[in-house]
Structure formats: C-alpha cells, structure tokens
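K.L.:
In the working numbering, the protein residues as written are 30 to 250. We put the beta carbon where it would ideally sit given N, CA and C, even for glycine. If you scroll down you'll find the structure; I have some questions about it.
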Ligand code: CUA
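Spelled out as structure tokens, the structure:
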C-alpha cells in the first residue's frame, strides 16, 4: 500500500517506464537471437557485396526502411514517457482546487531551509513553528510552500518520492496526501555547506484526531 498520493504517482510512472522497457527488451533480444541464428557463419557464408573495405569508399547501403521503423518506434515510446511524466508532474505542481482560493480542509505549511535545519511554520496558525519535525494528519491534503533563508537547499521526503528546491527569495509549492501514519525522513538534497549531510528532519504522519489535539494544544501555548 502506498504511503501517499505522491508515492502512488511515482509508482505508476515507474510502472509505465518498466512496462515499456520490458517490451523493448523482449523484442530486442528476440530479434537479436533470430539474427544470430539466421545469419550464423556457415561453410558457404560469404561477405555481402557492399561490406565496408579499407581500400574503397563504402557504397550507400540505403536501409531507409529500418531507420524509419526504429525512429518511429522510438518516438512513439518516448512520446508515451514524455506525456506520462508531464501529466503526473502537472498534478504535483498544481494545488488541488479544494484548497483554493480558501484553504478549506487543506493544511498549509511554510517550509524554510536554513544552514542546517528545516523550519516548519503552520500558515493558518503561525504561532506553531517547529524545527526539524513536521507533524501532519493522515488523509488530508497538505500544501507545502518551500523557500530558503540563506543558500540553495532542496526539500525531499524519501518515501513520499517528492522533492522541490528551496531557494531564497522564491517559493516553490508542492502538495501531498499521506495515507499511512508513521515517521518518515525528510532530507536536504542540495549540497548546501558543511552540514548538508546532517540536514535531516522527521515527518510525523498522525491520526487526524491526535493531530487535531496536538495542533489545538500547540496553538494556545
Ligand atoms: Cu541544505 Cu543541503
């Protein structure tokens, strides 16, 4: 079971790439095996007349049909991969309509990269701000506005298969919906200085009621 909608999206893309790669692989090896057997060397074998030789300019071999077939097949496969990728990336980059223009049931969190920690501030209640721990409720849409206070960082949640640059003066928005409570690792993916490798945080996905209790309690502190 996927841990979030983002992992689901990643898996479906991965499945598409693998599916096409397996088809191409099977066809490729089948054709190669066929040629290996069909054109194996026999006593009667002789080089074709247009075989390249050192002492003459090679004649034009003109395999236009083979070139066309390979080109068209490659384009079709790449077309599927490009269309699939852009469709999914488009989903990740566009905050769902239920969160706009008013947040509705969506939880907005401002994520700021610092040398060398992550700061999380809940946009709908900015008194709640934490370092290196991001608590979110399960099965709710979470919108993350990611930026940096100093140098370039890159905010990534490994298991959720989601990542975006944290750049000073700019806000990159990503969103996600967690499906399974638990702890997940958040990590910086951009070399940002001597503490880069230590720049980790924990994503805590909580049951909705427990989260709400925590959220309300933190707000009145
Ligand atoms: Cu921040 Cu690497």
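Should the segment 132-142 be called in touch with the segment 169-180, which here means at least 3 C-beta pairs below 8 Å?
P.N.:
They touch, by the three-pair rule.
K.L.:
Give the secondary structure of residue 195 by DSSP, where H, G and I count as helix, E and B as strand, and everything else as coil.
P.N.:
Note: residue 195 maps to strand in three-state DSSP.
K.L.:
Just to confirm the assignment, what range does the beta strand (DSSP E) spanning residue 146 have?
P.N.:
146-151 is the span of the beta strand (DSSP E), which, as asked, contains residue 146.
K.L.:
Taking 7 Å as the line, does the beta carbon of residue 185 fall inside it for any heavy atom of the ligand CUA?
P.N.:
No - the ligand CUA has no heavy atom lying nearer than 7 Å to the Cβ of residue 185.
K.L.:
Can you have a look at residue 213 and say buried or exposed, based on whether 16 or more other CB atoms are within 10 angstroms of its CB?
P.N.:
Answer is buried; the Cβ neighbour count reaches 16.
K.L.:
Roughly how many whole angstroms lie between the Cα atoms of residue 229 and residue 164?
P.N.:
Whole-angstrom Cα-Cα distance: 14 Å.
K.L.:
Using the Cβ count rule (16 or more neighbours within 10 Å means buried), how would you classify residue 36?
P.N.:
Per the 10 Å Cβ criterion, buried.
K.L.:
Going by CA-CA distance only, name the one from 218, 209 and 221 that's closest to residue 237.
P.N.:
The option with the nearest alpha carbon to residue 237 is 209.
K.L.:
Between the beta-carbon of residue 183 and the beta-carbon of residue 219, is there less than 8 Å?
P.N.:
In this structure, residue 219 lies closer than 8 Å to residue 183 by Cβ.
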